[in-house]
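Residue numbers for the sequence shown follow this note's numbering, so the first one is 125 and each next one is one higher.
Virtual Cβ for every residue (Gly too), placed ideally from N, Cα, C.
Here the structure comes first, spelled out in structure tokens, and everything after it is commentary.
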Amino acid sequence: MKRALLLFATAFLSAGGLRAAEFVLRAVPLDSGAPEVSTVVTFTDVGGDGGERQSITAPIGRSFSVSLHSGVWHVHTAAPGYFAVDSVVRIGQDVDSVTLQLWRTATISGKLAVGKDATIPASLTARWSASDPGASAEPAPDGSSSCTVKENTFSCDVPLGEMNLRLRAPTYITHFRWKVRIHAPRVDMGTLSLIHGASIVGRVLASGRTGSPAGVTRVFIRPVTYDGTQKAEALLATAARPDNGFFEFNGVSAGDYLIGAIRGRLRSREWPVSVRASGESEMNSALVLEPPRKLRIAINPSRDQEGKTWKVSLSTFRAEHWLDSARQSFAEHDGVSTWDDLLPARYMLSIGSHLRGTVLSKEIDLQDGPADLSVSIPSTSIKGTVRLGEKPISGVLTLGGRNASVSVPIDVAEDGTFSGVVPFDPKLEWQVAFDSISPPIQATQSLRPMEMTEEEAWRLDVVLDGWGIDGNIVDAEGNPVAKAIVNISPADGQNPIMQVHPAADGSFSIAGLATGTYSVEAKTFHRESSDPVSVHVGNDDAAQPVRLVVTRDDEIKGHIVSAMGPIGGAQVFAFSTDKSWIVSVPAMSAPDGSFQVPVPSGTQEVDFLVAPQGFPLKMVHLLVRHEPLTVSVESNAGSLELDVPELRDSIDTPQGVLAHRGAVRPVISFLGTRETVVSRGAVAGTTHLSVPMMEPGDYSLCAVPLQNFGALHAVLPPKDCVFGTLAPYGSLHLSAPPPGR
125 MKRALLLFAT
135 AFLSAGGLRA
145 AEFVLRAVPL
155 DSGAPEVSTV
165 VTFTDVGGDG
175 GERQSITAPI
185 GRSFSVSLHS
195 GVWHVHTAAP
205 GYFAVDSVVR
215 IGQDVDSVTL
225 QLWRTATISG
235 KLAVGKDATI
245 PASLTARWSA
255 SDPGASAEPA
265 PDGSSSCTVK
275 ENTFSCDVPL
285 GEMNLRLRAP
295 TYITHFRWKV
305 RIHAPRVDMG
315 TLSLIHGASI
325 VGRVLASGRT
335 GSPAGVTRVF
345 IRPVTYDGTQ
355 KAEALLATAA
365 RPDNGFFEFN
375 GVSAGDYLIG
385 AIRGRLRSRE
395 WPVSVRASGE
405 SEMNSALVLE
415 PPRKLRIAIN
425 PSRDQEGKTW
435 KVSLSTFRAE
445 HWLDSARQSF
455 AEHDGVSTWD
465 DLLPARYMLS
475 IGSHLRGTVL
485 SKEIDLQDGP
495 ADLSVSIPST
505 SIKGTVRLGE
515 KPISGVLTLG
525 GRNASVSVPI
535 DVAEDGTFSG
545 VVPFDPKLEW
555 QVAFDSISPP
565 IQATQSLRPM
575 EMTEEEAWRL
585 DVVLDGWGID
595 GNIVDAEGNP
605 VAKAIVNISP
615 ADGQNPIMQV
625 HPAADGSFSI
635 AGLATGTYSV
645 EAKTFHRESS
655 DPVSVHVGND
665 DAAQPVRLVV
675 TRDDEIKGHI
685 VSAMGPIGGA
695 QVFAFSTDKS
705 WIVSVPAMSA
715 PDGSFQVPVP
725 SGTQEVDFLV
735 APQGFPLKMV
745 HLLVRHEPLT
755 VSVESNAGSL
765 ELDVPELRDS
775 IDTPQGVLAH
785 RGAVRPVISF
795 LGTRETVVSR
805 GAVAGTTHLS
815 VPMMEPGDYS
825 LCAVPLQNFG
835 ALHAVLPPKD
845 CVFGTLAPYG
855 SLHLSAPPPG
865 R
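Here you go:
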């Protein structure tokens with residue numbers, strides 16, 4: 125992979141606003157007897173408006189001067205028989221003259237063989253890296269070249285030296301060659317037998333403090349759904365090379381996997397990796413083998429409210445907001461829970477009663493060594509009733525909320541009464557969720573318990589409004605639709621969206637709603653959706669059934685291409701900005717670069733995102749057209765460094781929102797499309813995100829509640845946003861202003 129080096133050119137004032145910059149062309153290795161070779165150096169202006177270009181021809185081993193405007197220039201150096209790294213120079217800085225290095229190359233060649241009925245690929249790419257960079261004072265940097273393929277033979281130019289080579293044809297499994305001695309003029313690579321399929325490649329390293337045991341390093345992959353109870357074929361393993369830790373899995377089916385390594389008592393964390401079609405998935409970071417950690421947890425009180433031992437769960441953080449599946453155990457009778465074989469990582473600790481619920485949730489860090497932790501579980505005795513209007517109702521009352529990190533479900537009896545012990549402060553307001561199957565109810569309220577004068581328990585009486593919404597779902601011909609999801613969302617946006625599934629005849633019902641206006645809409649599992657219907661419920665409203673008509677979603681079609689050809693395996697998103705939508709279903713581009721992404725019927729405007737592997741993410745606001753789109757991507761990615769308010773699962777508190785070319789997306793959404801690194805911000809209450817592989821151009825970073833971020837399509841208020849320009853191959857740091865600045 126070519127690397128862009130940021131160089132700084134000396135500049136001197138000259139007439140006409142130009143500066144004379146000095147450059148030196150130097151060959152590696154030096155060879156005084158080599159014939160003189162002319163080099164073409166092309167300068168392209170990438171600062172300001174950009175686009176200006178000029179070329180200079182000069183011999184290797186000489187210096188030359190070129191007059192350039194002050195600013196940022198991209199430098200491309202090309203000469204037959206030599207390899208050079210593209211550079212970015214900044215004209216107008218007080219630095220010594222720039223040396224452009226070129227590494228001599230030789231030709232590697234060989235034959236290609238494919239299976240029966242397969243065709244010889246039209247292209248082949250050779251990537252290289254020095255097998256022992258320390259062996260030479262000036263090893264060639266990592267890079268790649270496109271090979272010439274003619275009939276069943278190939279040839280490529282590779283820098284001189286001892287190289288590790290990676291030879292790949294599109295849709296075929298990669299061939300690796302280790303410690304190949306590249307010498308002039310030509311090296312025969314033999315015959316490459318090409319096999320269609322996808323692969324996963326990476327490296328394993330041992331931490332410096334492991335006291336590494338001898339033995340084979342085993343690398344394993346498993347589908348994210350593998351839980352150890354499925355067939356053994358669901359778990360694949362291979363051995364890493366003992367000299368450099370390299371490993372590869374070939375012929376892997378498309379899907380999402382976890383990958384990890386083990387050697388003796390050492391083990392790495394498991395990392396997610398996605399395989400798409402017949403592509404190659406490469407681990408960006410090595411799997412690091414670490415010794416296990418120990419954790420001792422002392423819980424007070426030592427038993428739950430029923431006198432049983434506590435249930436303790438540990439989940440590993442894969443990323444800042446992505447937890448692994450939980451490991452569970454039960455504490456001892458004295459309230460102590462001991463874990464002896466943990467990875468050096470951050471964990472989410474959860475403690476709950478023997479049966480259900482979570483009374484404590486706490487993040488712990490074991491990266492620096494073992495830990496001895498003492499935790500106290502607060503307790504408040506609570507009793508009360510649940511009524512639907514004047515009528516008692518049975519169901520499940522969840523104190524703390526349905527999806528909260530700390531929540532306790534309590535069964536409500538037929539007479540509407542309940543009692544239990546919860547870990548919440550009774551002097552504060554509690555989030556309360558109630559669920560019932562008959563009648564179907566999903567209600568949420570915020571209540572404050574009342575203190576009892578004659579008893580120790582606090583009291584909480586829940587009164588649900590008796591309003592509800594009934595309706596049915598049909599298709600365009602009036603036929604009932606059963607396989608669908610119905611979303612009921614309050615117009616005020618303060619309460620969460622409720623969901624119900626229709627019966628076999630397409631009918632649905634939900635009760636226990638508070639007086640107010642609701643939006644009701646449906647989406648099927650066959651790319652169909654309805655328009656939202658506004659419904660008001662309350663004393664003065666007749667209970668009219670809602671009829672939702674689902675129609676086929678529209679589609680945006682097109683192709684994704686680059687200078688090297690079509691791009692397959694790219695994620696494509698289209699978020700409607702003028703129509704309500706329950707969920708945006710992403711598409712994946714086919715090997716020929718084609719894609720079809722659904723949008724709600726009648727959509728006229730979308731925020732359109734394309735996330736291709738190895739290319740920058742593009743985002744733009746589009747008017748929907750019926751003719752296919754052609755989306756061009758370039759290898760000019762930059763990176764964003766973003767400081768935003770702490771990421772939260774909330775729509776009514778300010779969050780980081782990014783705007784580019786008219787499209788507006790919450791920064792949290794980039795966790796799923798880019799290999800974003802998330803860390804705690806330097807300022808309390810903030811989060812820092814490093815987002816690589818982003819398209820150059822102007823960006824705005826805002827801090828607004830997610831329930832309001834759609835308004836940014838119309839205006840970007842300066843008080844809530846900061847602005848900057850990301851240069852090609854560059855980096856842009858933006859810090860969202862504090863809300864209400």
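For this session: Within its chain, find whatever has a CB closer than 7 angstroms to the CB of D539; leave out the 5 residues flanking it on each side and keep chain order.
Result: Position 415 of the sequence shown, counting from 1, holds the residue named residue 539. Closer than 7 angstroms at Cβ, skipping near neighbours: P516.
Exercise. Opposite Y296 in the DSSP bridges: which residues?
Worked result: Within the sequence shown, residue 296 is the residue found at index 172, counting from 1. Note: Y296 sits in a beta bridge opposite H320.
Problem set entry | Bridge-paired residues (DSSP) for F732 | By one-based count along the sequence shown, residue 732 stands at place 608. According to DSSP, which records beta bridges pairwise, F732 is partnered with A698, V744.
Exercise. In terms of alpha-carbon separation, which member of D585, G630, D589, M622 lies closest to N603?
Worked result: As a position in the sequence shown, residue 603 is number 479, starting the count at 1. Nearest C-alpha to N603: G630.
Exercise. Count the other CB atoms within 10 Å of the CB of F136; is the residue buried (16 or more) or exposed (fewer)?
Worked result: On the sequence shown, position 12 is the one that residue 136 refers to. Residue placement at F136 is poorly supported in this model, since its pLDDT is 35, which falls under 50; the coordinates are not used for a value here.
For this session: Return helix, strand or coil for L588, following the three-state DSSP convention.
Result: For the purposes of this step, residue 588 is taken as the residue at position 464 of the sequence shown. Note: L588 maps to strand in three-state DSSP.
Problem set entry | Outcome for K897 when other beta-carbon atoms lying within 10 angstroms are tallied against a minimum of 16 | A query on residue 897 cannot be resolved here, the shown segment of the chain reaching from 125 to 865 and no further.
Problem set entry | 8 angstroms Cβ cutoff met for V545 and S505 | The residue labelled residue 545 in the question sits at position 421 within the sequence shown. The residue labelled residue 505 in the question sits at position 381 within the sequence shown. The Cβ atoms of V545 and S505 lie closer than 8 angstroms to each other.
Exercise. Using 8 angstroms as the Cβ pair cut-off and three pairs as the minimum, do the stretch 234-246 and the stretch 188-208 touch?
Worked result: No, the stretch 234-246 is not in contact with the stretch 188-208.
Exercise. Where do the N-terminal and C-terminal ends of the beta strand (DSSP E) with H683 fall, by residue?
Worked result: Taking the sequence shown and counting its residues from 1, one reaches residue 683 at position 559. DSSP places H683 in the uninterrupted beta strand (DSSP E) bounded by 678-686.
Problem set entry | Beta-bridge partners of F847, as assigned by DSSP | Taking the sequence shown and counting its residues from 1, the one referred to as residue 847 is at position 723. For F847, which the question treats as bridged, DSSP gives the partners S824.
Problem set entry | Proximal residues to L360 (C-beta, below 7 angstroms), its chain only, five neighbours per side dropped | For the purposes of this step, residue 360 is taken as residue 236 along the sequence shown, with counting starting at 1. F344, I345, F373, listed in sequence order.
For this session: Jot down the residue ranges of each uninterrupted beta strand (DSSP E) in the stretch 404-492, minimum 3 residues, whole runs only, in chain order.
Result: The qualifying runs are 404-406, 411-413, 417-424, 435-443, 451-454, 460-466, 470-476, 484-489.
Problem set entry | L877 versus A422, S437, G403, N368, residue with shortest Cα-Cα distance | Here the chain covers residues 125 to 865 and nothing more, so residue 877 does not appear.
Problem set entry | Inter-stretch contact (C-beta, 8 angstroms, three-pair minimum) for the stretch 322-331 and the stretch 404-424 | The stretch 322-331 is in contact with the stretch 404-424.
For this session: Evaluate I576 with the Cβ neighbour count: other Cβ atoms within 10 Å of its Cβ, from every protein chain shown; 16 or more gives buried, anything less gives exposed.
Result: Within the sequence shown, residue 576 is the residue found at index 452, counting from 1. According to the sequence provided, residue 576 is Met. The question's Ile does not apply to it. Taking a 10 Å sphere around the C-beta of M576, we find fewer than 16 other C-beta atoms and assign the residue as exposed.
Problem set entry | Three-state secondary structure assigned by DSSP to L149 | Taking the first residue of the sequence shown as position 1, residue 149 is located at position 25. L149 falls in the strand class under three-state DSSP.
Exercise. In whole angstroms, what separates the C-alpha of G595 from that of P669?
Worked result: Your numbering for residue 595 matches position 471 in the sequence shown. Your numbering for residue 669 matches position 545 in the sequence shown. A direct Cα-Cα distance of roughly 5 angstroms separates G595 from P669.
For this session: Please name the residue or residues paired with R228 in a DSSP beta bridge.
Result: Taking the sequence shown and counting its residues from 1, one reaches residue 228 at position 104. R228 is bridged by DSSP to Y206.
Exercise. How big is the Cα-Cα spacing for L130 and A145?
Worked result: Start at 1 with the first residue of the sequence shown, and residue 130 comes out as number 6. Start at 1 with the first residue of the sequence shown, and residue 145 comes out as number 21. Residue placement at L130 is poorly supported in this model, since its pLDDT is 36, which falls under 50; the coordinates are not used for a value here.
Exercise. Mapping DSSP to helix, strand and coil, what is M125?
Worked result: Looking up residue 125 in the sequence shown gives position 1. Its pLDDT being 35, under 50, M125 is placed unreliably in this model, and the value from its coordinates should be taken loosely. In the structure shown, M125 falls within a coil segment according to DSSP collapsed to helix, strand and coil.
Problem set entry | V536 versus G508: straight-line alpha-carbon distance, rounded | Taking the sequence shown and counting its residues from 1, the one referred to as residue 536 is at position 412. Taking the sequence shown and counting its residues from 1, the one referred to as residue 508 is at position 384. In a straight line, the C-alpha of V536 is about 9 angstroms away from that of G508.
Exercise. Thinking C-alpha only, which one of E262, A628, P715, R342 is nearest T295?
Worked result: Taking the sequence shown and counting its residues from 1, one reaches residue 295 at position 171. Selection E262, A628, P715, R342 evaluated against T295 yields P715 as nearest (Cα-Cα).
For this session: Examine the Cβ distances between the stretch 745-759 and the stretch 805-818 and report whether three or more of them are shorter than 8 angstroms.
Result: The answer is no - the stretch 805-818 does not touch the stretch 745-759, with fewer than three Cβ pairs under 8 angstroms.
For this session: Give me the Cβ distance between L467 and T440, rounded to the nearest whole Å; I'm assuming they're in contact under 8 angstroms.
Result: As a working mapping, residue 467 is identified with position 343 in the sequence shown. As a working mapping, residue 440 is identified with position 316 in the sequence shown. About 6 angstroms separates the two Cβ atoms, so the contact holds.
Exercise. Does DSSP classify S562 as helix, strand or coil?
Worked result: Residue 562 sits at position 438 when you count from the first residue of the sequence shown. Under the three-state reduction of DSSP, S562 is assigned to coil, being neither helix nor strand.
Problem set entry | Short Cβ contact (8 angstroms threshold) for M313 with G234 | Within the sequence shown, numbered from 1, the residue matching residue 313 stands at position 189. Within the sequence shown, numbered from 1, the residue matching residue 234 stands at position 110. In contact: M313 and G234 (Cβ atoms closer than 8 angstroms).
For this session: Go through its chain and collect everything with a Cβ distance to I609's Cβ below 6 angstroms, but skip five positions before and after it.
Result: Translated into positions along the sequence shown, residue 609 becomes position 485. Counting only Cβ-Cβ distances below 6 angstroms, and skipping sequence neighbours, we find Q623, K647.
For this session: Report the three-state DSSP secondary structure of F371 (helix, strand or coil).
Result: Numbered from its first residue, the sequence shown carries residue 371 at position 247. Correct three-state label for F371: strand.
Problem set entry | R184 vs V161 beta-carbon contact at 8 angstroms | Mapped onto the sequence shown, residue 184 falls at position 60. Mapped onto the sequence shown, residue 161 falls at position 37. A small correction: the amino acid at residue 184 is Ile; Arg does not occupy that position in the sequence shown. Contact check for I184 against V161 passes: the beta carbons are separated by less than 8 angstroms.
Exercise. When you compare only the Cα positions, how much space is there between L154 and V685?
Worked result: On the sequence shown, position 30 is the one that residue 154 refers to. On the sequence shown, position 561 is the one that residue 685 refers to. Each residue's alpha carbon lies about 40 angstroms from the other.
For this session: State the Cα-Cα distance for the pair T568 and I534, rounded to the nearest angstrom.
Result: By 1-based counting over the sequence shown, the position of residue 568 is 444. By 1-based counting over the sequence shown, the position of residue 534 is 410. The C-alpha of I534 is placed about 15 angstroms away from the C-alpha of T568.
Problem set entry | Cβ contact check for the stretch 461-481 and the stretch 417-430: 3 or more pairs under 8 angstroms | Because the criterion of three Cβ pairs below 8 angstroms is met, the stretch 461-481 and the stretch 417-430 touch.
Problem set entry | Closest Cα partner of C271 within the set R305, A230, S543, G285 | Along the sequence shown, read from residue 1 onward, the residue named residue 271 stands at position 147. Per the Cα distances, A230.
For this session: Please confirm whether P790 and V170 have their CB atoms less than 8 angstroms apart.
Result: Within the sequence shown, residue 790 is the residue found at index 666, counting from 1. Within the sequence shown, residue 170 is the residue found at index 46, counting from 1. Contact: no.
Exercise. DSSP state of I306, grouped into three classes?
Worked result: Within the sequence shown, the letter at position 182 stands for residue 306. Here I306 carries a strand assignment [DSSP, helix/strand/coil].
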